[in-house]
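Participant:
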Amino acid sequence: MKVVATHRLAEAKEKFPASRTALDGWFRIMNYTDFTSDIALRRTFSELRNNGNEYWFLVPGTTLLLKAIINFSAQVAMVKDVRPGVL
-4 MKVVATHRLA EAKEKFPASR TALDGWFRIM NYTDFTSDIA LRRTFSELRN
46 NGNEYWFLVP GTTLLLKAII NFSAQVAMVK DVRPGVL
């Protein structure tokens, strides 16, 4: 799956340096895995909420939430927001 709008990940890593490794891990998993549905996505990311094609991920080992718009047929995930919070 192609991850786009990665500048938001870079901004989050700068703003929350302790979460750099966790955000890099999320990027690697998303970028190198072809998820065919949200069921497949939930097998990898159990802490996940969605509304339509908007997905909120709890970044493991942090208190950050990452919002992404995902199109499974096009295999694209666009990072919309990274911020502190809880699901």
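Just so we're aligned, residue -4 is where the sequence shown starts under my numbering, counting upward by one. We treat Cβ as the ideally placed atom computed from N, Cα and C, and that holds for glycine. Predicted model only: the values in this text are computed from it and were never measured.
#1: What do you reckon, are the CB atoms on F67 and T31 nearer than 8 angstroms?
#2: Taking D19 as part of the alpha helix (DSSP H), name the residues at either end of that continuous run.
#3: Assuming K8 contacts Q70 under a Cβ cut-off of 8 angstroms, what Cβ separation, rounded to an integer in Å, is found between them?
#4: Quick check: the Cα distance between I34 and F40, rounded to an integer number of angstroms?
#5: Could you give the distance in angstroms between the alpha-carbon of S14 and the alpha-carbon of A5?
#6: Could you check which residue in N48, E49, M25 and N46 has the C-alpha nearest to that of R38?
#7: Could you check which residue in A0, L18, E42 and A63 has the C-alpha nearest to that of N48?
Facilitator: Let me spell this out:
#1: Inclusion of F67 and T31 in the CB contact set at 8 angstroms is warranted, their separation being smaller than that value.
#2: First-last of the alpha helix (DSSP H) with D19: R15 to Y27.
#3: Contact between K8 and Q70 does not hold, since their C-beta atoms are separated by about 24 angstroms, which reaches or exceeds 8 angstroms.
#4: If you take the alpha carbons of I34 and F40, they lie about 10 angstroms apart.
#5: Spanning the two alpha carbons is a distance of roughly 11 angstroms.
#6: With distances taken between Cα atoms, R38 lies closest to M25.
#7: Checking every option, the nearest Cα to that of N48 belongs to A63.
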